[in-house]
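In this note's numbering, the protein residues as written are 1011 to 1480. Heads up, the beta-carbon is just placed ideally off N, CA and C, and yes, glycines get one too. Source: prediction; values computed, not measured. What follows is a set of notes on a single structure, which appears directly below.
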Ligand code: NAI
């Protein structure tokens, strides 16, 4: 069966952060927009990524703070997780935000078409809904935003019961006594901290020599590794997982490491070994859409090789981050409505909601040195910040990667309380080409965490007030 065809000035394939933002922006700019989504609006981020994980992070942090109540002079006798209630809070938060996106699209008069889209011509999408009904959407301009999927690594036994991806790890009914996480990247470590707080004995197996490879400034990643181990989390680096077996209720995860093959025993395994662009079965290859590996190849304006077709978000590879995807969405929306906008990724922050949190923007120290820049690193520890002391969370530090002579801030790397919020100042500094002196002469309120940024900026001239390195 076939229903009437739609025509749009801009059609967007995919309703995640890249796609729905592109749709709203194109509509703001006066275009008639159709958005096609096969599942729930909000994509991975809202439904099974950023938002549900951060609700669990927040809930488990509250639990841990409640357990530390006596430190703050509070008596909280039986702080404990109520898992079904926690999951209900998570789902209610997700639902509220997903409905919010639907309202925003409606308010901008974006037509939402439910179903699975294929690109059948550079100006036409074919959409099939879950009843098998097909319709065609012709559009002057098309923005592809199909997102990403969990990578399927070559590990034998990955389909065994008890082995889960991050989506499964958001739906647990009981807390496993022992959890093994394959991959010490962003997803692996965020879940490690959630499950640790719920009471699991967590083992992280990471194949590279350090956790968070490529996702954090090295000294920050090393410091986090020390803090996690000190709390009792087992972190094995240089550990490649090739095979999982099940014996009774126990899973055996076999690891190739420096000592040959060893096995880790547990009740549940989380596989967090990366994500791939979702670019198959949508007709891309048939139309000759140029690819870069699994990712859609784009130019600096996010245009593909097909006329009037742009691509955005996780599907174009690079940083798979919701906030970067939203920037892409705005760029493609402008360019598909007569704009001339280049994607500018200089100030894309990386934020990792571990305990303590990690955040970074711009160049790492290693990247700045590799680029041949003479670098001076200015630092300040949160242990010397009064607000961090009040919060009882004084582990961590600020690292400003500065150009030696001018003090221009090339990168900002943080470990500590609320640094996923604090990084906004670093992003602005990098984007504006600010210097350490600019930051040092910007008055920061007292007593607040951002004062640690000011003090690190002062350290560029060895002039921190509240810290003296020996
Ligand atoms: P990732 O690339 O950050 O980490 C995967 C890790 O698994 C790597 O460190 C890799 O060396 C390791 N690995 C791969 N195969 C292995 C094996 N067989 N044995 C042991 N270790 C192995 O990918 P992840 O954590 O799955 O995240 C996917 C994407 O989602 C990333 O791009 C990430 O940036 C994004 N994300 C962002 C978040 C945030 O911004 N807070 C939160 C969660 C995900």
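Check, Outcome
"For the alpha helix (DSSP H) containing residue 1196, list its first residue and its last residue.", "1196-1208"
"If residue 1074 sits next to residue 1207, beta carbons under 8 Å apart, how far is it from one beta carbon to the other, in whole angstroms?", "5 Å"
"In the region 1112-1186, which residue ranges form an unbroken alpha helix (DSSP H) of at least 4 residues, counting only runs that do not cross its ends?", "1176-1179"
"Check whether the region 1242-1258 and the region 1125-1141 touch, using three or more Cβ-Cβ pairs below 8 Å as the test.", "no"
"State the DSSP-derived secondary structure class of residue 1391, mapped to helix, strand or coil.", "strand"
"Taking the beta carbon of residue 1100 as the centre, do at least 16 other beta carbons fall within 10 Å, making it buried, or is it exposed?", "buried"
"What residues are listed by DSSP as bridge partners for residue 1418?", "1445"
"Any idea which residues DSSP pairs residue 1370 with across the strands?", "1360 and 1423"
"Starting from residue 1236, follow the alpha helix (DSSP H) in both directions and report where the run begins and ends.", "1228-1240"
"Going by DSSP, what residue range makes up the beta strand (DSSP E) through residue 1017?", "1016-1023"
"DSSP three-state call for residue 1266: helix, strand or coil?", "strand"
"Have a look at residue 1086 and residue 1395 and give me their C-alpha separation to the nearest angstrom.", "27 Å"
"Within 10 Å of its beta-carbon, does residue 1209 have 16 or more other beta-carbons around it, so buried, or fewer, so exposed?", "exposed"
"In this structure, what does DSSP give as the bridge partners for residue 1301?", "1306"
"Can you give the Cα-Cα distance for residue 1011 and residue 1139, rounded to whole angstroms?", "Legend: pLDDT at residue 1011 = 44, less than 50; position of this residue unreliable, value from coordinates given subsequently. Answer to the nearest angstrom: the Cα atoms are 11 Å apart."
"Assign residue 1131 to one of two classes, buried (16 or more other C-beta atoms within 10 Å of its C-beta) or exposed (fewer than that).", "exposed"
"Please classify residue 1224: is it buried, with 16 or more other beta-carbons within 10 angstroms of its beta-carbon, or exposed?", "exposed"
"Specify the secondary structure class of residue 1464 as computed by DSSP and reduced to three states.", "helix"
"Please return the same chain residues whose Cβ sits closer than 8 Å to the Cβ of residue 1066, not counting the five positions on each side in sequence.", "1096, 1100, 1180 and 1204"
"Can you tell which of 1364, 1258, 1265 and 1412 has the C-alpha that lies nearest to the C-alpha of residue 1430?", "1364"
"Buried or exposed: which applies to residue 1355, given that a residue is buried once 16 or more other Cβ atoms fall within 10 Å of its Cβ?", "exposed"
"Would the C-beta of residue 1280 count as close to the ligand NAI, meaning under 7 Å from any of its heavy atoms?", "no"
"Is residue 1274 near the ligand NAI, in the sense that its beta carbon is under 7 Å from a heavy atom of that ligand?", "no"
"If you run the structure through DSSP and keep just helix, strand and coil, what is residue 1094?", "helix"
"Determine, using beta carbons only, whether residue 1371 and residue 1436 come nearer to each other than 8 Å.", "yes"
"Thinking C-alpha only, which one of 1321, 1156 and 1070 is nearest residue 1052?", "1156"
"Which residue or residues does DSSP assign as beta-bridge partners of residue 987?", "Since the displayed the chain opens at 1011 and closes at 1480, residue 987 lies outside it and no answer follows."
"Helix, strand or coil for residue 1062? Go by DSSP, reduced to three states.", "helix"
"Please work out which residues of its chain come closer than 7 Å, Cβ to Cβ, to residue 1118, disregarding the five sequence neighbours upstream and downstream, and give them in chain order.", "1034, 1037 and 1038"
"Taking 7 Å as the cut-off, is the CB of residue 1285 close to at least one heavy atom of the ligand PLP?", "This structure does not include the ligand PLP; its bound ligands are the ligand NAI."
"Closer than 6 Å by C-beta to residue 1021: which residues in its own chain qualify, once you throw out the five before and the five after it? Chain order, please.", "1044, 1135, 1147, 1149 and 1152"
"For residue 1481, verify whether its CB is less than 7 Å away from any heavy atom of the ligand NAI.", "Here the chain has residues from 1011 to 1480 only, and residue 1481 is not among them."
"Could you check whether the Cβ of residue 1249 sits closer than 7 Å to any heavy atom belonging to the ligand NAI?", "yes"
"At which residues does the beta strand (DSSP E) containing residue 1032 begin and terminate?", "No beta strand (DSSP E) holds residue 1032; the alpha helix (DSSP H) holding it covers 1027-1038."
"How many angstroms separate the CA atom of residue 1321 from the CA atom of residue 1312?", "6 Å"
"Output needed for residue 1222: all residues of its chain with C-beta closer than 6 Å, excluding positions within five of it in sequence on either side, in chain order.", "1231"
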